[in-house]
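**Student:** First, the structure itself, so that you have it in front of you.
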Amino acid sequence: MSAEGGSAIAGNGRGYLSERGWRSWAFTLDHKRIGVMYLLTTIFFFLLGGIFALLLRLELLSPQAKYFSNHTYNVFFTLHGALMIFLFVIPAIPSGLGNFFIPLHLGAKDVAFPRLNLASYWVFVAGFLVIIGSLVSPMDTGWTFYTPYSAKTHAAVATLSFGVFLIGMSSILTGLNFIVTIHKLRAPGMTWHRMPLFIWAMYATSIIQVVATPVVGVTFLLLAMERLLGVAFFDPTKGGDPVLFQHFFWFYSHPVVYVMILPAMGIVSEVIPVFSRKPIFGYNAIAYSSLAIAFIGFLVWGHHMFTSGMSPLANLIFSFLTFFVAIPTAVKVFNWIATLYKGSITFESPMLYALTFIFLFIIGGLTGPFLAAMATNVQLHDTYFVVAHFHYTMMGGTVMGFFAGLHYWFPKMTGRMLNDKVARVAWALVFLGFNLTFFTMFIAGTRGMPRRYAEYIPKFHTENVISTIGSAVLAAGILIMVWNFVQGLRKGAKAGANPWRSLTLEWRASSPPETENFHEIPQVSDWPYGYGTRKA
Amino acid sequence: MDNILAFGAASAEAGRVDAVFLFIAVIGGFFFLLTQGLLIYFAVRYRRRSPDRDNETPGITGNHLLEFFWVLIPSIVVMAIFYYGWIVYADLRAPRTGATEVYVTGRQWMWEVKYPDGRTAINEIRVPVGKPVHFLLTGADVLHGFYLPDFRVKMDAIPGRITSLWVQPDRPGQYQIFCTVYCGDGHSNMQARLIVMPPEQYAAWASGEERHGEGKDRETLHERGERIVGSAGCLNCHAIAGKEKVGPNFHGLYGSTVPLADGMSVKADEEYLRESIVDPGAKVVKGYPNVMPTFKTTLKPEEVQAVVEYLKKPD
Chain W
0 MSAEGGSAIA GNGRGYLSER GWRSWAFTLD HKRIGVMYLL TTIFFFLLGG
50 IFALLLRLEL LSPQAKYFSN HTYNVFFTLH GALMIFLFVI PAIPSGLGNF
100 FIPLHLGAKD VAFPRLNLAS YWVFVAGFLV IIGSLVSPMD TGWTFYTPYS
150 AKTHAAVATL SFGVFLIGMS SILTGLNFIV TIHKLRAPGM TWHRMPLFIW
200 AMYATSIIQV VATPVVGVTF LLLAMERLLG VAFFDPTKGG DPVLFQHFFW
250 FYSHPVVYVM ILPAMGIVSE VIPVFSRKPI FGYNAIAYSS LAIAFIGFLV
300 WGHHMFTSGM SPLANLIFSF LTFFVAIPTA VKVFNWIATL YKGSITFESP
350 MLYALTFIFL FIIGGLTGPF LAAMATNVQL HDTYFVVAHF HYTMMGGTVM
400 GFFAGLHYWF PKMTGRMLND KVARVAWALV FLGFNLTFFT MFIAGTRGMP
450 RRYAEYIPKF HTENVISTIG SAVLAAGILI MVWNFVQGLR KGAKAGANPW
500 RSLTLEWRAS SPPETENFHE IPQVSDWPYG YGTRKA
Chain D
0 MDNILAFGAA SAEAGRVDAV FLFIAVIGGF FFLLTQGLLI YFAVRYRRRS
50 PDRDNETPGI TGNHLLEFFW VLIPSIVVMA IFYYGWIVYA DLRAPRTGAT
100 EVYVTGRQWM WEVKYPDGRT AINEIRVPVG KPVHFLLTGA DVLHGFYLPD
150 FRVKMDAIPG RITSLWVQPD RPGQYQIFCT VYCGDGHSNM QARLIVMPPE
200 QYAAWASGEE RHGEGKDRET LHERGERIVG SAGCLNCHAI AGKEKVGPNF
250 HGLYGSTVPL ADGMSVKADE EYLRESIVDP GAKVVKGYPN VMPTFKTTLK
300 PEEVQAVVEY LKKPD
């Protein structure tokens with residue numbers, strides 16, 4: 000890429016991190032600082048949600064309740080799901096890495112509306128404070144809030160849904176900000192087809208956030224009205240319909256799984272060419288498949304409800320449409336693999352995680368048709384098969400993409416290199432632990448073990464023991480990774496402006512970047528994947 | 000095979016669902032080997048062998064023909080899966096004539112069973128072998144999920160609605176029923192049995208002969224109580240001893256002084272035990288939710304008596 004200007008001038012070497020004191024963070028309008036605050040917040044909730052997961056696995060070591068009551072188990076799986084979904088997987092990549100890198104990728108000084116960006120973060124904080132407040136009477140409904148249970152339970156459902164409402168608002172504002180930023184703030188010469196694929200993915204993501212999130216906001220408002228004012232939208236004894244809640248809920252919550260996965264796909268599309276030293280294969284196919292996924296994602300929510308008594312016609316249509324999500328995702332996978340062909344591949348930690356994403360996402364993807372096909376869905380619905388499928392796509396997919404992004408961009412964000420040996424040890428444990436934990440869940444689910452069971456029949460004991468052992472290995476890997484991040488921050492070697500010799504614009508800024516990113520706005524005259532010398 | 004599957008296929012339809020599963024597994028297995036094989040092969044084959052080689056990669060940016068085929072082929076494959084999955088499902092859902100009808104109500108945390116002729120049961124559904132069974136499902140309080148793993152089918156039980164599920168059991172036996180829609184503290188204990196009987200046995204049971212006979216004439220009241228506690232779903236929420244479930248344990252209950260939610264206390268005598276079975280909300284034990292349903296209509300007075308007798312010495 001021939002981008003002129005924006006050479007890395009070191010300054011005091013601390014770039015945007017120069018200013019100190021809490022005010023310099025709390026009132027910052029710098030997209031990078033806001034991104035870092037999101038990252039730290041979401042990683043905190045990732046670790047907290049992970050602790051709940053480990054407690055669930057501990058309890059499932061034995062078929063009978065052993066360490067805590069069924070009620071406590073139910074609270075823990077609800078908190079695990081709600082924290083992971085609303086406070087980690089949804090915001091982590093878009094609001095964290097997206098905030099940091101969208102303007103840098105575009106060659107811009109900041110996002111389009113820096114004050115709105117800061118407001119989004121503080122609305123997010125208000126949201127999670129309310130969610131933490133709901134712990135006085137902790138939720139036991141599952142993260143799905145299904146009525147009538149959620150309308151009847153003694154837990155603080157209205158409080159928690161208000162918290163999620165605020166989180167949703169923050170999500171909408173961030174999405175809006177990114178859409179405008181991508182439209183208006185691209186560097187001179189950066190046409191749509193010269194944008195990095197991460198930007199395409201974030202663009203598709205932002206559209207979903209803006210269009211789908213209001214629906215879940217309204218749904219939670221209706222649920223709160225039902226609980227607080229007795230307005231029976233969902234209560235069948237007063238003429239409401241509990242299944243209506245499921246339609247509303249999944250109209251948001253299905254598209255939102257693409258809010259979770261698309262940004263991770265964007266990261267993988269960045270990392271693979273850099274570490275293969277080859278142009279990305281099928282740029283247009285990858286870019287447009289992101290939009291296709293976003294679009295089709297709006298038409299398939301009913302596949303969460305195949306056993307809810309929907310009409311056979313609705314089941315037919317939703318099953319049919321669901322299969323079409325497979326096509327654009329498969330196209331991405333094929334293109335990534337083709338990018339490796341005749342490359343010059345190295346296996347630093349970002350690449351290991353990107354390849355792991357592909358490996359695990361293939362398994363997550365290929366187990367989708369079992370659930371999309373009606374006959375097998377009715378067998379596998381609400382069993383551990385669904386839990387396994389979900390974790391292969393969300394943890395094996397999104398979280399591995401997130402880890403790839405963290406390792407890839409750590410030098411840019413902090414100005415320091417990570418110890419790659421330690422990072423690879425952590426990766427090996429994460430990879431092994433993940434598959435032990437979740438592949439066994441496919442087996443348990445296929446054999447008929449229902450999900451959300453605090454106690455289970457002894458037939459399923461073996462799978463559960465293996466899964467719990469896996470979760471400990473996985474946790475060890477993640478602890479080593481976090482330790483490595485801390486060590487890298489404290490005494491990592493100084494990173495140059497472009498340690499991976501990447502061609503996207505963020506590597507033209509210094510590490511860490513100055514407050515307004517570039518000394519001169521870069522001029523763009525080519526796409527950012529011009530690796531390799533021989534023309535094909 | 001049953002050991003691998005945990006639940007064998009108890010009907011012809013279940014076998015067809017397994018065939019769809021196998022069909023998808025074979026196709027998925029093929030694509031798994033293809034994609035993971037190429038991923039690993041390329042990663043190994045094209046690893047950088049020396050640091051100065053990294054500018055020698057070819058500038059391949061795409062291939063329209065490949066893109067076309069890897070859109071087309073998966074599209075055809077998924078349509079085949081969709082179609083096969085659909086036709087088998089449509090058969091599963093097709094109403095059958097001459098079915099044994101059973102009304103099943105999911106309630107926190109038990110399955111209430113009613114037959115059209117007025118017989119009732121809890122957590123135990125008896126049907127004759129070889130005839131289709133039509134379950135008419137509903138929920139009394141919250142959503143529940145009625146799952147018959149041996150038959151590879153499930154359907155939600157929804158308050159205010161009646162949903163349907165059909166099976167056609169091929170062979171006699173006892174089959175597991177799970178609740179699959181999360182419904183609160185007793186969710187994982189909300190299990191029941193489908194008992195498929197030879198026609199003549201079923202007929203005998205249905206006409207009520209076996210019910211009174213059952214070879215249990217010389218059964219003591221305590222033994223009878225133990226049997227009812229086991230079959231009426233009591234143990235879904237109450238443990239006899241050890242780790243508590245939703246409700247208080249049975250061990251040591253009789254004769255003890257029970258603290259109540261309203262600050263009073265009561266001595267657990269026969270009358271208290273009886274009242275707690277037929278009108279559980281009358282005296283709520285401190286620290287436990289008031290969620291137990293009445294057994295007034297599901298247990299006959301003499302059955303209540305047997306249960307009370309059993310609860311005096313539950314172990």
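So the sequence lines, in the order shown, correspond to chains W and D.
What the first sequence shows, in numbering that gives the first Met the number 0, is residues 0 to 535, in sequence order.
What the second sequence shows, in numbering that gives the first Met the number 0, is residues 0 to 314, in sequence order.
Heads up, the beta-carbon is just placed ideally off N, CA and C, and yes, glycines get one too.
Note that the coordinates shown come from a computational prediction; the quantities given were computed from them, not determined experimentally.
With distances taken Cα to Cα, identify the nearest neighbour of W/M448 among D/D169, D/R151, D/P247, D/S163.
**Tutor:** Checked all of D/D169, D/R151, D/P247, D/S163; the closest Cα to W/M448 is D/R151.
**Student:** Which residue wins for smallest C-alpha separation from W/A81, given the options W/Y287, W/S310, W/T143?
**Tutor:** Here the closest residue by C-alpha is W/T143.
**Student:** Beta-carbon within less than 8 Å of D/I3's beta-carbon, same chain only, minus the 5 sequence neighbours each way: which residues are those?
**Tutor:** The answer is none, since no qualifying residue turns up.
**Student:** How many angstroms separate the CA atom of D/L65 from the CA atom of W/L261?
**Tutor:** Straight-line Cα distance between these residues: approximately 23 Å.
**Student:** Applying the 10 Å Cβ sphere with the 16-neighbour rule, what's the burial state of W/G126?
**Tutor:** When all chains shown are included, W/G126 counts as buried.
**Student:** Which chain D residues are close to W/G342, counting only those with a beta carbon under 7 Å from its beta carbon?
**Tutor:** Per Cβ cutoff of 7 Å: Y45, T56.
**Student:** Alpha carbon to alpha carbon, what distance is there between W/G106 and W/I520?
**Tutor:** Going by the C-alpha atoms only, they are around 6 Å apart.
**Student:** Can you tell me whether W/T236 is buried or exposed? The criterion is at least 16 other CB atoms within 10 Å of its CB, across all chains shown.
**Tutor:** Per the 10 Å Cβ criterion, exposed.
**Student:** Check this for me: beta carbons of D/H143 and D/A98, under 8 Å apart or not?
**Tutor:** No, they are not a contact pair.
**Student:** With burial defined as no fewer than 16 other Cβ atoms inside 10 Å of the residue's Cβ, what is the status of W/W526: buried or exposed?
**Tutor:** Flag for W/W526 reads buried.
**Student:** Sort W/M399, W/S343, W/A155, W/V485 by Cα distance to W/G531 and report the nearest one.
**Tutor:** Closest option to W/G531, Cα to Cα, is W/S343.
**Student:** Give me the chain W residues within the contact set of D/N188, using Cβ-Cβ distance strictly less than 7 Å, ordered along the chain.
**Tutor:** Near D/N188 (Cβ distances below 7 Å), the residues of chain W are E454.
**Student:** Going along the chain, which residues of its own chain have a beta-carbon closer than 6 Å to the beta-carbon of W/I84, five neighbours each way excluded?
**Tutor:** Hits under 6 Å: W142.
**Student:** Quick check on D/A89: does DSSP put it in helix, strand or coil?
**Tutor:** Looking at D/A89 - three-state DSSP - the assignment turns out to be helix.
**Student:** Check whether chain W comes within 8 Å of D/V195, counting only Cβ atoms and requiring the distance to be less than that.
**Tutor:** Not closer than 8 Å to any Cβ of chain W, the Cβ of D/V195 fails to qualify, so no.
**Student:** Between D/E308 and the rest of its own chain, which residues show a CB-CB distance below 6 Å, the 5 nearest in sequence each way excluded?
**Tutor:** Closer than 6 Å at Cβ, skipping near neighbours: L220, H221, G224.
**Student:** Roughly how many angstroms lie between the CA atoms of W/R13 and W/R19, to the nearest whole one?
**Tutor:** Rounded to the nearest angstrom, the two C-alpha atoms are 11 Å apart.
**Student:** Using 8 Å as the limit for Cβ to Cβ distance, is W/K420 near chain D?
**Tutor:** So no, W/K420 is outside the interface.
**Student:** Take D/D90 and list the residues in its own chain whose beta-carbon comes closer than 8 Å to its own, dropping the five residues that flank it on each side.
**Tutor:** The answer, listed in chain order, is E12, R15.
**Student:** Are the beta-carbon atoms of D/V277 and D/K266 separated by less than 8 Å?
**Tutor:** The answer is no: Cβ separation not under 8 Å.
**Student:** Is the region 305-322 of chain W touching the region 429-443 of chain W, taking contact as three or more C-beta pairs under 8 Å?
**Tutor:** Contact between the region 305-322 of chain W and the region 429-443 of chain W is absent, because fewer than three Cβ pairs lie under 8 Å.
**Student:** Ignore the nearest five residues each way along the sequence and tell me which others in W/Y352's own chain have a CB closer than 7 Å to its CB.
**Tutor:** Same-chain partners within the cutoff: M399, F402, A403, H406, W426.
**Student:** What do you reckon, are the CB atoms on D/V283 and D/L259 nearer than 8 Å?
**Tutor:** For D/V283 and D/L259, yes; Cβs fall inside 8 Å.
**Student:** Check whether the Cβ of D/T96 lies closer than 8 Å to any Cβ atom in chain W.
**Tutor:** Answer no: the Cβ-Cβ gap between D/T96 and chain W never drops below 8 Å.
**Student:** For W/F360, which of W/F67, W/F409, W/N434 has the nearest alpha-carbon?
**Tutor:** For W/F360, the nearest C-alpha among the options comes from W/N434.
**Student:** Among the candidates D/R160, D/V290, D/E123, D/K244, whose CA atom is the shortest distance from the CA of D/I227?
**Tutor:** Checking every option, the nearest Cα to that of D/I227 belongs to D/E123.
**Student:** Since D/E123 sits in a beta bridge, which residues does DSSP pair it with?
**Tutor:** Answer is D/R192.
**Student:** Output the boundary residues of the beta strand (DSSP E) element that contains D/Y102.
**Tutor:** 99-106 is the span of the beta strand (DSSP E), which, as asked, contains D/Y102.
**Student:** Nearest by alpha-carbon distance to W/R56: which of W/F45, W/G34, W/M36, W/H79 is it?
**Tutor:** Of the listed residues, the one whose Cα sits closest to W/R56 is W/H79.
**Student:** Would you mind stating whether D/M109 and D/M189 have Cβ atoms separated by less than 8 Å?
**Tutor:** Yes. Within cutoff.
**Student:** So which residues of chain D does W/I326 contact, with C-beta pairs closer than 8 Å?
**Tutor:** The contacting residues are V70, P73, S74, V77.
**Student:** At least one CB of chain W closer than 8 Å to the CB of D/K153: is that the case?
**Tutor:** Answer yes: the Cβ-Cβ gap between D/K153 and chain W drops below 8 Å somewhere.
**Student:** Strictly below 8 Å CB to CB, what residues from chain D border W/F322?
**Tutor:** Those are V77, M78, I80, F81, listed as they occur along chain D.
**Student:** Using a cut-off of 8 Å between C-beta atoms, extract the partners of D/T162 located in chain B.
**Tutor:** Protein chains in the displayed structure are W and D, and chain B is not among them.
**Student:** Would W/S289 be called buried (16 or more neighbouring beta carbons within 10 Å of its own) or exposed?
**Tutor:** Answer is buried; the Cβ neighbour count reaches 16.
**Student:** Could you check whether W/Q63 and W/E454 sit closer than 8 Å to each other, using their CB atoms as the reference points?
**Tutor:** The answer is yes: Cβ separation under 8 Å.
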